[in-house]
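Numbering (my numbering), first residue to last: 11 to 132. A virtual CB, placed ideally from N, CA and C, is assigned to each residue, including glycine. All of these numbers come straight from a predicted model, not from anything done at the bench.
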Amino acid sequence: MKIEQPLLQIYHNTHCSKSRECLAFLKKEHLPIEIIDYLKNPPTVAQIKDLLHKLGIKPLELVRKKEAIWKEVGSDSLSEEQIIELLHQYPKLIERPILIQGDKAIIARPLSIAQDWLKEQK
């Protein structure tokens with residue numbers, strides 16, 4: 011009897027080499043995946059809060075601080091709610107790729123982190 015593996019979601023950015031590498035690995039492993047193009051369909055504030063809960067991190071830890079937009083509008087002194095709102099308004103600020111399975115998630119860079127995490131999920 012074959013055990014069904016739960017659906018794996020990936021927050022994917024087609025322009026990011028690390029994200030493309032992770033997606034290629036998932037496809038090679040024939041894992042059931044749902045690709046979330048979060049730049050075309052930005053997550054809602056509620057979805058970002060849920061994602062943070064699954065990741066077990068604070069909003070600031072999800073921010074790509076080297077992005078030009080963060081340097082323009084962001085600051086480490088912003089409140090968590092303000093940071094979440096910025097992540098919603100500017101999804102490019104969200105770290106990637108992110109893998110989600112059930113109530114758990116990880117920022118999957120480098121790829122070895124994703125590989126180790128997936129082994130633990132089985």
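The C-alpha of S85 lies about 9 Å from the C-alpha of K75. Contact annotation: I93 and L70 have beta-carbon atoms nearer than 8 Å.
Cβ atoms of L33 and A115 stay farther apart than 8 Å, at about 16 Å. By DSSP's assignment, I20 forms a beta bridge with I45 and L109. Per DSSP, the unbroken beta strand (DSSP E) holding I117 starts and ends at K114 to I117. Judged by DSSP in its simplified three-state form, I104 adopts strand. The alpha-carbon separation between L18 and P42 amounts to approximately 6 Å.
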